[in-house]
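Chemist: Sharing a structure here in structure tokens format.
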Amino acid sequence: QLQLQQSGPGLVKPSETLSLTCTVSGGSITGSYWTWMRQFSGKGLEWIGYIYHSGSTTYNPSLGSRVTLSIDLSKSQFSLKLRSVTAADTAVYYCVRHRGDSRFDLWGQGTLVTVSS
Amino acid sequence: DIQMTQSPSSVSASVGDTVTITCRASQDIRNWLVWYQQKPGKAPKLLIYAASNLQSGVPSRFSGSGSGTDFTLTIDSVQPEDIATYFCQQASTFPYTFGQGTKLQIK
């Protein structure tokens, strides 16, 4: 059964880069839109963007040029980098599988990332 | 961005009641509407996709309907394990956006 396992630091300093990785196990990394979402402490959810196995990406314009998604097919991993973070980026970050028909059916366990010095 | 407005923000129901949660989009999203259930400390769980398709493994007491701008999540015969926050999300137009959530409590 396909699973998503997130890894990465839970504390990032202001102005630095948030980096998270999601490992896909038990199934193929091809054929889906690998997505990142985040949830703020007030419970609001935000879609960050996705990367397809081909490497094509779409990002939320609200994050401007700060965000980059990448994928490593050989390791069955996809990653998020968010640069120049501030306290407003403090949130629980989730990696998610989107099967392309509005079916966001598989979520990682979530990583609480706190931006603080 | 498309604004998603959920109502009510909270609802209290007795076991066995029928609960209806609505989600309105600020523009036509056809049927690209998703419903999630989230319990404390857990990731959201997919309930309904494409407005009315029940995700595999989700109890049949959950159902979704609607198209265009107005959508509904219905829970028939609410059970204690349904205590959670429910979110809608549009998957029609980038950036995908979410409703603010509806908290379901049991009386």
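Line order of the protein sequences matches chains Y and L.
Using this note's numbering, the letters of the first sequence correspond one by one to residues 1 to 117.
Using this note's numbering, the letters of the second sequence correspond one by one to residues 1001 to 1107.
The C-beta atom is built at its ideal place from N, Cα and C for all residues, glycine as well.
1. Tell me whether E46 of chain Y sits in a helix, a strand or coil according to DSSP, three-state version.
2. Going by DSSP, what residue range makes up the beta strand (DSSP E) through K1039 of chain L?
3. Exposed or buried, Q3 of chain Y, counting other C-beta atoms within 10 Å across all chains shown (16 or more means buried)?
4. Taking the C-alpha atoms as reference points, what is the distance between E16 of chain Y and F40 of chain Y?
5. Taking 7 Å as the threshold (beta carbon to beta carbon), is K127 of chain Y in contact with chain L?
6. Contact check, V115 of chain Y vs P14 of chain Y under 8 Å by CB: the rounded distance?
7. Is the shortest distance between the beta-carbon of T57 of chain Y and the beta-carbons of chain L less than 7 Å?
8. At a Cβ cut of 9 Å, what residues of the stretch 90–112 of chain Y count as close to chain L, listed as they run along the chain?
9. Going straight from the alpha carbon of V1034 of chain L to that of T1069 of chain L, what length do you get?
10. Look up S118 of chain Y in the DSSP assignment and say whether it is helix, strand or coil.
11. Considering only their Cβ atoms, is the gap separating S76 of chain Y from V24 of chain Y smaller than 7 Å?
12. Looking at chain Y, which residues of the stretch 1005–1018 of chain L have a Cβ within less than 9 Å of any of its Cβ atoms?
13. For chain L, check one thing: does any of its Cβ atoms lie closer than 7 Å to the Cβ of W36 of chain Y?
14. To the nearest angstrom, how far is it from the Cα of Y50 of chain Y to the Cα of T1102 of chain L?
15. Got a sec: which bits of the stretch 1071–1090 of chain L sit with their beta carbon under 8 Å from any beta carbon on chain Y, in order along the chain?
16. Is the beta carbon of A1091 of chain L sitting closer than 7 Å to the one on S102 of chain Y?
Modeler: The short version:
1. Locating residue 46 of chain Y in the first sequence gives position 46, counting from the first residue. Reduced to three states, the DSSP call for E46 of chain Y is strand.
2. Counted from its first residue, the second sequence places residue 1039 of chain L at position 39. Neither: K1039 of chain L is in no beta strand (DSSP E) and is coded neither H nor E.
3. For the purposes of this step, residue 3 of chain Y is taken as the residue at position 3 of the first sequence. Classification of Q3 of chain Y: exposed, given that the 10 Å Cβ count is below 16.
4. Here the question's residue 16 of chain Y lines up with position 16 in the first sequence. Here the question's residue 40 of chain Y lines up with position 40 in the first sequence. The alpha-carbon atoms of E16 of chain Y and F40 of chain Y are separated by roughly 19 Å.
5. The structure shown does not extend to residue 127 of chain Y, since chain Y spans only 1 to 117, so no value can be given for it.
6. Position 115 of the first sequence holds residue 115 of chain Y. Position 14 of the first sequence holds residue 14 of chain Y. The pair is a contact, with the Cβ atoms about 6 Å apart (cut-off 8 Å).
7. Start at 1 with the first residue of the first sequence, and residue 57 of chain Y comes out as number 57. Closer than 7 Å: no.
8. V92, Y94, V96, H98, R99, D101, S102, R103, F104, D105, L106, W107, G108, Q109, G110
9. In the second sequence, the residue the question calls residue 1034 of chain L occupies position 34. In the second sequence, the residue the question calls residue 1069 of chain L occupies position 69. Each residue's alpha carbon lies about 13 Å from the other.
10. There is simply no residue 118 of chain Y to check, as chain Y begins at 1 and stops at 117 in what is shown.
11. Locating residue 24 of chain Y in the first sequence gives position 24, counting from the first residue. Locating residue 76 of chain Y in the first sequence gives position 76, counting from the first residue. Yes, they are a contact pair.
12. none
13. The residue labelled residue 36 of chain Y in the question sits at position 36 within the first sequence. Output row for W36 of chain Y: interface = no.
14. Translated into positions along the first sequence, residue 50 of chain Y becomes position 50. Translated into positions along the second sequence, residue 1102 of chain L becomes position 102. Their Cα atoms are separated by approximately 26 Å.
15. T1085, F1087, Q1089
16. Within the second sequence, the letter at position 91 stands for residue 1091 of chain L. Within the first sequence, the letter at position 102 stands for residue 102 of chain Y. Yes, these two residues count as a Cβ contact at 7 Å.
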